[in-house]
């Protein structure tokens, strides 16, 4: 089976690099975007299996990008990964499959990615033969 491709949308260079390194170590292929516009450009030409999306970014925020992803790429899993728990109550964030508050340990992000991809695979497999 091919490696899942994860798009990490994070404006902080060190955090983005850390998440990509952790995802690579866990066996995933990664793509990186520093902004919403960079993410949209990548999504227009690349196939990805999941998006890890920061909220607070310069210019267009992750919450502004999320409905566009949902509209243009229905069914593409998105994990909001932010330092702020307060956005969880914003109804736009409900479009995401998971909402995770950042921590110094990237382990919970990796677990969330694995869980979400496994759920998606099981859903796809159960739809076969219908």
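In the working numbering, the protein residues as written are 22 to 151. The beta carbon of each residue, even a glycine, is placed where N, CA and C say it ideally should be. Quantities reported herein were computed from a predicted structural model and do not represent experimental measurements.
- Task: Below 8 Å on the Cβ atoms is my guess for residue 30 versus residue 41; work out the distance and round it to an integer in Å.
- Result: The residue given as residue 30 occupies position 9 in the chain shown. The residue given as residue 41 occupies position 20 in the chain shown. At roughly 11 Å, the Cβ-Cβ gap does not stay under 8 Å, so residue 30 and residue 41 are not in contact.
- Task: Check each candidate in 46, 122 and 63 and name the one with the smallest Cα separation from residue 163.
- Result: An answer regarding residue 163 cannot be provided, because it is not within the stretch 22 to 151 covered by the chain.
- Taking C-beta to C-beta, are residue 95 and residue 137 nearer than 8 Å? Residue numbering aside, residue 95 sits at position 74 when the chain shown is read from its first letter. Residue numbering aside, residue 137 sits at position 116 when the chain shown is read from its first letter. The answer is no: Cβ separation not under 8 Å.
- Message: Using DSSP's beta-bridge definition, name the partner residues of residue 26.
- Response: In the chain shown, residue 26 corresponds to position 5, counting from 1. DSSP, once it has assigned bridges, lists 50 as partnering residue 26.
- Task: Label residue 124 either buried or exposed according to how many other C-beta atoms from any shown protein chain fall within 10 Å of its C-beta, with 16 as the threshold for buried.
- Result: By 1-based counting over the chain shown, the position of residue 124 is 103. With fewer than 16 other Cβ atoms within 10 Å, it is exposed.
- Task: Return the chain-ordered list of same chain residues with a C-beta closer than 8 Å to the C-beta of residue 37, the five sequence neighbours on each side being excluded.
- Result: The count along the chain shown starts at 1 and reaches residue 37 at position 16. Around residue 37: 29, 31, 53 and 55.
- Query: Where in the stretch 39–126 do unbroken runs of the alpha helix (DSSP H), each at least 4 residues long, occur, reported from the N-terminal end onward?
  - Reply: 57–66 and 83–93
- Query: Sorted by chain position, which residues of the same chain lie with C-beta nearer than 6 Å to residue 44's C-beta, five sequence neighbours on each side aside?
  - Reply: Start at 1 with the first residue of the chain shown, and residue 44 comes out as number 23. So the list reads 27 and 51, once near-sequence residues are dropped.
- Message: DSSP three-state label for residue 34, please.
- Response: Counted from its first residue, the chain shown places residue 34 at position 13. Helix at residue 34.
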